[in-house]
Amino acid sequence: MSREDGRVSGGHRFWQGKRVLITGHSGFKGTWLVLWLRRLGAEVIGYSNDLPSAPSMYRLCGLEHDTAWVRGDIRDEGKLLQTVLAAKPEIVFHLAAQPLVRRSYAEPIETIAVNVVGTANVLNAIRSAPSVRSVIIATSDKCYANTKQEQAHGHVLKETDRLGGRDPYSASKASAELIVDAYRHSYFQARQAGSGQRALAVATVRAGNVIGGGDFAIDRIVPDCVRAAQHGWAPLLRNPDAVRPWQHVLEPLSGYMMLAERLFDAAGAGDDTLAEAWNFGPEAGQEMTVGELAHRISGWVGASGPIVSSDSEGPYEAAMLRIDSSKAHSRLGWQPVWSTQEAVEKTGEWYQQWRKGASMRAVTDRQIQAYEQALAARQPVQEVDATDEQGA
1 MSREDGRVSG GHRFWQGKRV LITGHSGFKG TWLVLWLRRL GAEVIGYSND
51 LPSAPSMYRL CGLEHDTAWV RGDIRDEGKL LQTVLAAKPE IVFHLAAQPL
101 VRRSYAEPIE TIAVNVVGTA NVLNAIRSAP SVRSVIIATS DKCYANTKQE
151 QAHGHVLKET DRLGGRDPYS ASKASAELIV DAYRHSYFQA RQAGSGQRAL
201 AVATVRAGNV IGGGDFAIDR IVPDCVRAAQ HGWAPLLRNP DAVRPWQHVL
251 EPLSGYMMLA ERLFDAAGAG DDTLAEAWNF GPEAGQEMTV GELAHRISGW
301 VGASGPIVSS DSEGPYEAAM LRIDSSKAHS RLGWQPVWST QEAVEKTGEW
351 YQQWRKGASM RAVTDRQIQA YEQALAARQP VQEVDATDEQ GA
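Quick note: the sequence shown uses the UniProt record's numbering, first residue 1, plus one each step.
Listed below in structure tokens is the structure:
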């Protein structure tokens with residue numbers, strides 16, 4: 001797997017001049033992806049209806065008037081189709097979503113409309129866009145059934161495990177997986193391009209719980225700790241003993257980009273063996289409890305010691321969530337670069353610089369560069385041919 005110049009996969013050589021459409025580009029994960037792709041020379045077009053928070057990382061990094069932005073709702077099928085046809089993207093990253101579990105309890109219909117119907121709208125628009133060859137659809141590690149029995153036995157979730165969801169958010173992401181699979185088999189299988197189907201590769205990606213600078217969403221641990229520090233409050237935790245696969249946002253994004261490149265090349269060769277679901281999570285043993293993460297982040301941002309609240313009367317949330325990324329390791333050559341502790345440090349540094357009034361675009365660019373250098377320093381993983389892998 002090529003990692004020349006510290007870049008992910010083909011780096012500048014592949015991404016230079018590529019037309020890339022990102023839905024949800026103005027969000028936390030989207031902003032990091034926009035900055036990284038532009039650093040690699042891609043021509044980025046964003047589609048989203050607004051900035052998702054105030055403050056907003058997108059605005060702090062000065063991207064509002066510096067990146068092509070079509071303002072539109074993912075539920076607006078006509079506007080989305082018009083945008084895709086006009087933009088003529090070669091690669092699409094679908095990140096737009098209602099991303100919060102607890103909000104989904106209060107707004108289940110909106111959650112389903114955005115996460116399920118919105119995904120179908122993206123796929124339908126792509127059907128009419130001959131320029132598109134590679135598509136990454138972000139769902140979630142919460143798309144799995146992840147039963148209480150599995151949690152009790154410490155089960156690590158693989159891509160072949162049963163989909164499910166006991167809350168509207170998780171169920172919406174599992175539903176999105178089914179919608180993608182239906183469109184893939186009905187319209188996009190590269191091997192059957194001669195029968196009227198598109199030679200286009202579509203994959204879904206399921207990341208662990210991402211952290212990193214620039215997240216200002218409500219009801220997430222890191223931004224909640226940051227706000228607590230600003231106001232002199234002690235952070236209030238739900239389910240402090242819950243275990244999650246925390247990782248820096250650049251980790252799954254590196255996997256998304258690597259997969260997008262491989263899908264692009266494979267689609268051109270009529271090969272759809274990579275057009276399936278992929279987990280991108282931290283190394284085994286890097287998981288951390290909610291309470292431990294809050295304690296470490298609070299130390300960086302200056303919040304008081306966390307107040308623990310079991311929230312036993314609150315809506316259901318899984319006590320244990322761990323995902324297995326061995327398929328991405330063996331078939332893509334992808335591996336995490338930063339440990340969970342390093343992810344916490346980079347996150348804390350970002351918010352420290354923000355509170356000092358630093359240029360957040362420069363801070364973010366430096367962190368991307370540091371990640372690229374760490375990526376280049378890692379020993380490349382020996383790639384395994386998919387036909388030789390058992391149980392892929």
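Every residue gets a Cβ at the ideal spot worked out from N, C-alpha and C, and that includes glycine.
Q. On the three-pair Cβ rule with 8 Å, is the segment 123 to 142 touching the segment 195 to 214?
A. yes
Q: Assign N239 to one of three DSSP states: helix, strand, or coil.
A: On the sequence shown, position 239 is the one that residue 239 refers to. Coil, per DSSP.
Q | Residue(s) in a DSSP beta bridge with I137 | A | Here the question's residue 137 lines up with position 137 in the sequence shown. Per DSSP, H94, T204.
Q.
Taking the beta carbon of G17 as the centre, do at least 16 other beta carbons fall within 10 Å, making it buried, or is it exposed?
A. Here residue 17 refers to the residue found at position 17 when the sequence shown is read from its first residue. It is exposed - the Cβ of G17 has fewer than 16 other Cβ atoms within 10 Å.
(Q) Restricting to Cα atoms, I'd like to know which of I91, I136, A176, V344 is closest to L215. (A) Here residue 215 refers to the residue found at position 215 of the sequence shown. The residue you asked about is not Leu; residue 215 is Asp in the sequence shown. Residue V344 is the option with its Cα nearest to D215.
Q | Per DSSP, the bridge partner or partners of F280 | A | Stepping through the sequence shown from its first residue, residue 280 is reached at position 280. In DSSP, F280 forms a bridge with A207.
Q.
In the DSSP output, which residue or residues are listed as bridge partners for S48?
A. Here residue 48 refers to the residue found at position 48 when the sequence shown is read from its first residue. The partner list for S48 (beta bridge, DSSP) reads R71.
Q) Per the contact definition of three or more C-beta pairs closer than 8 Å, is the segment 365 to 378 in contact with the segment 69 to 78? A) no
Q: Go ahead and label T160 buried or exposed: buried means 16 or more other beta carbons lie within 10 angstroms of its beta carbon, across all protein chains shown.
A: Against the sequence shown, residue 160 aligns to sequence position 160. It is exposed - the Cβ of T160 has fewer than 16 other Cβ atoms within 10 Å.
Q | Contact belief for W32 with L253 at Cβ below 8 Å, rounded distance in angstroms | A | As a first step, residue 32 is located in the sequence shown; it is residue number 32 there, counting from the start. As a first step, residue 253 is located in the sequence shown; it is residue number 253 there, counting from the start. That pair is a contact at about 6 Å.
Q. Opposite T23 in the DSSP bridges: which residues?
A. In the sequence shown, counting from the first residue as 1, residue 23 sits at position 23. Beta-bridge pairing links T23 to Y47, H94.
Q: Give me the Cα-Cα distance between Y256 and Y187, rounded to the nearest whole angstrom.
A: Residue mapping note: residue 256 aligns to position 256 of the sequence shown, counting from 1. Residue mapping note: residue 187 aligns to position 187 of the sequence shown, counting from 1. Looking at the two C-alpha atoms, the distance is approximately 22 Å.
Q.
My output table needs one value for I179: the three-state DSSP class, helix, strand or coil.
A. As a first step, residue 179 must be located in the sequence shown, where it is residue number 179. I179 falls in the helix class under three-state DSSP.
(Q) To the nearest angstrom, how far is the alpha carbon of R244 from that of A275? (A) Residue numbering aside, residue 244 sits at position 244 when the sequence shown is read from its first letter. Residue numbering aside, residue 275 sits at position 275 when the sequence shown is read from its first letter. Distance between the alpha carbons of R244 and A275 is about 27 Å.
Q) Do A176 and V226 come within 9 Å of each other at the CB atom, strictly closer than that value? A) Here residue 226 is taken as the residue at index 226 of the sequence shown, counted from 1. Here residue 176 is taken as the residue at index 176 of the sequence shown, counted from 1. No, the pair does not count as a contact, with Cβ atoms beyond the cut-off.
Q. Which same chain residues, not among the five before or five after R102, have their C-beta less than 7 Å away from its C-beta?
A. As a first step, residue 102 must be located in the sequence shown, where it is residue number 102. Cβ within range, chain order: D219, P315.
**Q.** Span of the beta strand (DSSP E) around H248
**A.** In the sequence shown, counting from the first residue as 1, residue 248 sits at position 248. Taken as a continuous stretch (DSSP letters only), the beta strand (DSSP E) holding H248 covers 246 to 248.
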